Amino acid sequence: MISNSERNDAGTGSPAAAPVVIGEAGKRFGLSVATLRYWEERGLIQPTERRGGRRFYGPEQLHRIGLVQMWRETGLMSLDEIAVALAGESAERDWREAVQGRIDAIQEQVARLTMAKEHLEHLLSCPCDDPAAECTYLSRVVTERMRGNRITPADLHERPPHGRDRGTGRGPRGRVSAG
Numbered sequence: 001m002i003s004n005s006e007r008n009d010a011g012t013g014s015p016a017a018a019p020v021v022i023g024e025a026g027k028r029f030g031l032s033v034a035t036l037r038y039w040e041e042r043g044l045i046q047p048t049e050r051r052g053g054r055r056f057y058g059p060e061q062l063h064r065i066g067l068v069q070m071w072r073e074t075g076l077m078s079l080d081e082i083a084v085a086l087a088g089e090s091a092e093r094d095w096r097e098a099v100q101g102r103i104d105a106i107q108e109q110v111a112r113l114t115m116a117k118e119h120l121e122h123l124l125s126c127p128c129d130d131p132a133a134e135c136t137y138l139s140r141v142v143t144e145r146m147r148g149n150r151i152t153p154a155d156l157h158e159r160p161p162h163g164r165d166r167g168t169g170r171g172p173r174g175r176v177s178a179g
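Numbering (the UniProt record's numbering), first residue to last: 1 to 179.
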């Protein structure tokens with residue numbers, strides 16, 4: 001758990017720092033004034049005070065700006081999910097539920113990306129001149145997909161040999177095999 005002094009130091013460099021104007025707050029985090037105003041409209045942050053029509057942000061709000069930025073930069077949470085997480089116990093939807101939902105979505109995305117990476121790695125390592133037409137591995141994957149099965153390379157239990165394609169009689173680089 002972050003202490004108040006650490007929280008205060010995180011955005012300001014000093015525990016007793018005076019509130020900063022919106023432009024300075026944006027500058028500290030590399031954000032535009034328009035972004036901070038939008039986050040304010042969405043209820044994610046609130047100026048600590050207003051003087052002469054200017055917004056000022058104190059240490060607690062600078063900390064919130066840092067949290068919102070961190071969660072947005074990673075692309076892992078929507079602004080609605082961030083609002084729930086920031087609301088804590090007062091949220092109508094439990095923040096843990098929102099975070100768990102994002103974790104589940106990320107796990108699904110990682111699985112899809114892993115499968116894509118495996119297929120691309122196979123494509124790079126395939127010795128066939130025309131993998132789309134000659135590769136037995138790709139043919140097996142497409143056949144399974146036509147059957148409604150979403151398979152991964154691991155589901156095939158083995159990498160197919162990069163030898164003769166049983167359907168065309170062609171070997172690597174399109175050469176006709178004797179067998």
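All C-beta atoms, glycine included, are put in the ideal place defined by N, C-alpha and C.
Here the structure is a predicted model, which is why all the values come from computation and not from measurement.
Judged by their CB atoms, residue 110 and residue 56 are not nearer to each other than the 7 Å cut-off. The Cβ atoms of residue 36 and residue 26 sit closer than 7 Å to each other. Contact between residue 29 and residue 61 does not hold, since their C-beta atoms are separated by about 12 Å, which reaches or exceeds 8 Å.
For residue 64, the three-state secondary structure derived from DSSP is helix. Note on residue 114: under 16 other CB atoms within 10 angstroms of its CB, so exposed under the neighbour-count rule. Per DSSP, residue 99 has no beta-bridge partner at all. With a threshold of 16 other beta carbon atoms within 10 Å, residue 150 falls short and is exposed.
Under the three-state reduction of DSSP, residue 55 is assigned to strand.
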